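**Student:** In this text, residue positions in the sequence shown follow our numbering: the first is 5, and each later residue adds one.
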Amino acid sequence: MEATKVKRVVIAGGGTAGWIAAAALIKHLGPLIDITLVESDEIGTIGVGESTIPTTRAFHGFLGIYEQAFVRATQATFKLGIEFENWGKVGDRYFHAFGSVGKSVWMADFQHFWLEACAQGFGGPYTDYSLEAQAAKANRFETHEGATIGYAYHLNATAYAKFLRGLAEPAGVKRVEGKIKRILQHPETGFVEALEQESGARIEGDLFLDCTGFRALLSGQTLGVGYEDWSRWLATDAALAVQTESTGPAVPYTRAIAHEAGWRWRIPLQHRVGNGFVYCSDHMSEDEARTKFLAAIEGKPLFDPRLIRFKAGVRDKSWTKNVIAMGLASGFIEPLESTSIHLIMIAVTRLIQGFPFDGVTDPVRERFNAQSRREMEHIRDFIILHYKLTERDDSPFWRRCRDMDIPDSLAERIALFHDNAMAYQGNDEMFRIDSWIMVMLGQGVWPKSYHRLAQMMEPGQLQRALSDLKAGIAQQLTKLPDHQKFVQAYAPATDVSN
Ligand SMILES: Cc1cc2nc3c(=O)[nH]c(=O)nc-3n(C[C@H](O)[C@H](O)[C@H](O)COP(=O)(O)OP(=O)(O)OC[C@H]3O[C@@H](n4cnc5c(N)ncnc54)[C@H](O)[C@@H]3O)c2cc1C
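(1) Between the Cα of L171 and the Cα atoms of D132, Y70, V109, which residue gives the shortest distance?
(2) Are there any heavy atoms of ligand 1 lying less than 7 Å away from the beta-carbon of T20, as far as the coordinates show?
(3) Give the single residue among F167, F435, P58 whose Cα lies nearest to the Cα of A550.
(4) Whether or not the stretch 159–171 and the stretch 16–34 are in contact is what I'm after, with contact meaning three or more pairs of Cβ atoms, one per stretch, closer than 8 Å; do they touch?
(5) Under the criterion of a Cβ to heavy atom distance below 7 Å, does G85 qualify as lining ligand 1?
(6) Taking Cβ positions only, does H382 come closer than 8 Å to chain D?
(7) Please name the residue in I477, H422, A497 whose C-alpha comes closest to that of W119.
(8) Helix, strand or coil for Q375, going by three-state DSSP, please let me know.
(9) Cβ of G217 versus every heavy atom of ligand 1: is any distance shorter than 7 Å?
(10) Among H158, Q429, L445, which has the Cα closest to the Cα of D96?
(11) Scan the stretch 236–309 and note each continuous alpha helix (DSSP H) run of 4 residues or more that stays entirely inside, going in chain order.
(12) State whether the stretch 118–136 contacts the stretch 473–480, with contact taken as three or more CB pairs (one from each stretch) at a distance under 8 Å.
(13) Would you please state the rounded distance, in angstroms, between the beta carbons of F359 and L33? I believe it to be under 8 Å.
(14) For the alpha helix (DSSP H) that R169 lies in, which residues bound it at each end?
(15) For my contact list, A536 and L273 are in at a C-beta cut-off of 8 Å; report their separation, rounded to the angstrom.
(16) From the DSSP output, which residues share a beta bridge with T40?
(17) Is K183 a contact residue of ligand 1, with contact defined as CB to any heavy atom under 7 Å?
(18) Any chance the CB of P339 is under 7 Å from a heavy atom of ligand 1?
(19) So what's Q79 in DSSP terms, helix, strand or just coil?
(20) Would you list, in sequence order, the uninterrupted alpha helix (DSSP H) runs of no fewer than 4 residues that lie entirely inside the stretch 385–472?
(21) I need the DSSP call for H346, collapsed to helix, strand or coil.
(22) With distances taken Cα to Cα, identify the nearest neighbour of S322 among L332, A316, F314.
(23) According to the Cβ coordinates, are T56 and G19 closer than 8 Å?
(24) Output needed for S108: all residues of its chain with C-beta closer than 7 Å, excluding positions within five of it in sequence on either side, in chain order.
(25) Do L213 and V13 count as a contact pair if the criterion is CB distance below 8 Å?
(26) What number of angstroms, rounded off, separates the C-alpha of W110 from the C-alpha of G127?
(27) What span of residues does the beta strand (DSSP E) with H158 cover, start to end?
(28) Sort out for me which residues DSSP pairs A329 with in a bridge.
(29) Could you tell me which whole beta strand (DSSP E) segments of length 3 or greater appear in the stretch 76–146?
(30) Can you tell me which of the three DSSP states L311 falls into?
(31) Counting Cβ pairs, one atom from each stretch, are 3 or more of them under 8 Å apart for the stretch 223–234 and the stretch 242–251?
(32) Let me check you understand the geometry: is the CB of T49 closer than 7 Å to at least one non-hydrogen atom of ligand 1?
(33) Say yes only if the C-beta of S344 is nearer than 7 Å to one or more non-hydrogen atoms of ligand 1, and no if none qualify.
(34) So, F88 versus A260, is the Cβ gap smaller than 8 Å?
(35) Say the cut is 7 Å; is the CB of V229 nearer than that to a heavy atom of ligand 1?
(36) Does DSSP put V196 in a helix, a strand or coil?
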C-alpha cells in the first residue's frame with residue numbers, strides 16, 4: 005500500500021513538549037503543512053521542568069527567538085551549571101559547569117596536564133580553570149551578542165509554554181481546546197486517523213505527535229507501545245514540587261542537594277524559587293518526604309507541595325506507525341541534569357530534518373528511533389554515574405546505589421577514566437568530555453594514570469601555562485556584573501503572576 009502523504013500534523017498536548025514542537029514546525033515548515041494542537045486546560049500540564057542546558061540557546065536561535073523577550077516573558081534567570089552537595093559523601097560539594105575547562109591540545113585533553121600539575125603540587129581544583137564555575141561561585145554573569153560564556157536558563161514552565169504559544173498561534177498553528185476522548189485508527193493499518201474530543205469534534209491528521217505527558221495517550225494507551233523500565237538503575241520514583249518566595253538574589257546555577265533517599269533541587273527565577281524533593285518510595289514515605297522537604301526549603305511556600313510520581317525509562321519506540329511520542333510520553337530520566345527539555349528540542353529538530361512529506365516509511369522511522377534511543381541511553385548513563393559513584397554509606401538508598409550493577413557502556417567509561425584519565429563524547433551524545441570529568445572527579449574518582457605529555461614541557465612551563473589560564477579567568481571575572489543586577493537591567497520580568 006502506498007504511504008499517505010503528510011500534510012496535516014496534529015499535536016496532542018500543549019505542555020512544554022507540545023508547544024516546542026508547534027513553534028518549531030510552524031517556523032520551519034509553515035507553508036508546507038497544516039498544524040493543529042489539541043490541549044485540555046482541565047487536565048493541565050505537569051508544571052515543572054524549569055532548569056535547562058545550553059542547547060536551549062541554539063534551539064532558540066533556530067526559532068529566531070529574541071533572548072530578552074524570552075527572559076522577560078518567562079521570568080528567567082541564567083544558569084552556569086549545577087552545584088552538587090552531599091553526593092560523593094555527606095558534606096561534599098562540587099560544580100558541574102557549562103563551557104569548557106582549561107585548554108586541550110590535539111594529543112591530550114586538559115585533564116592530563118592538570119593531573120601532572122597536581123602531581124607536582126600546584127594543580128588546585130579542576131574547576132579553577134572554568135570561567136563558568138568561577139563566575140557561578142562569585143554570582144556574576146553577563147551576556148551580549150557574541151558572548152562565549154557557556155550558559156542556559158532557569159525559566160517558568162507555564163510561562164514558557166505560553167510564550168511559545170504566542171509565537172506559534174500567530175504564525176498559523178491552530179489550537180483546539182478540550183479533552184481527547186477517543187483515538188480513531190485505520191481498521192487495517194492501525195495508523196491513527198483522528199482524535200475525537202468529548203464534544204464529538206474530530207481532528208483528522210496524517211502525522212500525530214503524542215505530547216500528552218505521562219499519559220502517553222496515543223503511543224502508550226492506543227498503539228500499546230511498551231515502556232522499558234530503567235528503575236533498577238534510577239530508583240527515584242516520586243517528587244514533591246513547590247514554589248517559594250525568593251529569600252535573596254537569584255544565583256546563576258541550579259542546586260542539587262542529596263538527602264538520605266534522593267535529592268532536592270532549587271531553581272531560582274527572577275521573582276520566586278522552584279523547589280523539588282526527589283525520592284525513592286522504597287526508602288521513604290510520602291509523609292516523611294513532605295516533612296523533610298518543608299523543613300529543608302528556604303522561603304515561604306506559595307502552595308502545598310504537589311506530588312508527582314514517575315518511572316524512569318524509555319518508550320520502546322518513539323515513533324510507531326504515524327505517531328511520534330515526544331516529551332514525557334517518550335520516556336523519562338529524572339531531572340538531575342535537566343535534560344528533558346533538550347530531548348524534546350532535539351526530537352523536533354530531527355523530525356524537521358527528516359520530515360516525511362511523501363509518507364512515513366520504515367527507514368525514516370527506524371533512523372529516528374535509533375537516534376532517540378542512543379540519546380536516551382547516553383543521558384541515562386550520565387545520570388546513573390551520579391548515583392553509582394557514591395561513597396555514602398549512611399542509608400539503605402545510598403548503599404543500594406553504590407552496590408548496583410550498571411550498564412556496560414557506563415562501566416567502561418568509568419574504567420577508562422579511572423585507569424587512564426580518558427573521557428570521550430561519541431556521536432549523538434550530548435554530554436561533553438568536560439562534563440564527564442567534572443562529575444567523575446566530583447564524585448571521587450581519581451585517575452591512576454594519565455598521559456605524560458606535560459612531562460616533556462620545559463621546567464616551569466606547565467606552571468606558567470596554568471597560572472596564565474587562571475589569570476585570564478580572573479581578568480574576565482572582574483568585568484562581569486552581579487547576576488541579579490544584570491538580569492534586572494537586561495530583561496526584568498513583565499508578568500510575575502504565575
Ligand atoms: C519532577 C520533575 C522535574 C522535572 N524537571 C525538569 C527540569 O528541570 N528540566 C527539564 O528539562 N525537564 C524537567 N522535567 C521534565 C519536563 O517537565 C517535561 O519534559 C516537560 O515539561 C514536557 O512535558 P510534556 O509537555 O511532555 O507533558 P505535560 O506538561 O504533562 O503536558 C501534557 C499535555 O497533554 C495534555 N493532555 C493529556 N491528556 C489529554 C487529553 N485526554 N486530552 C487533551 N489533552 C490532553 C495536557 O493537557 C497537557 O497540555 C521534569 C519532570 C518531572 C516529573
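Using N, Cα and C, we set each Cβ at its ideal position, and we do this for glycine too. Since the model is a prediction, treat every value here as computed from it, not as a measurement.
**Tutor:** So, to answer that:
(1) Y70
(2) yes
(3) Look at the range of the chain in this structure, 5 to 502, and you will see that residue 550 is not part of it.
(4) yes
(5) no
(6) The structure shown contains no chain D; it holds only a single protein chain.
(7) Correcting the residue type first, residue 119 is Leu in the shown sequence and not Trp. Per the Cα distances, H422.
(8) helix
(9) yes
(10) L445
(11) 290–300
(12) yes
(13) 6 Å
(14) 161–175
(15) Only positions 5 to 502 of the chain appear in this structure, which leaves residue 536 out of reach.
(16) V14, K178
(17) yes
(18) yes
(19) coil
(20) 400–407, 412–424, 437–446
(21) helix
(22) L332
(23) no
(24) F114
(25) yes
(26) 21 Å
(27) 156–158
(28) D214
(29) 81–83, 85–89, 97–101
(30) strand
(31) no
(32) yes
(33) yes
(34) yes
(35) no
(36) strand
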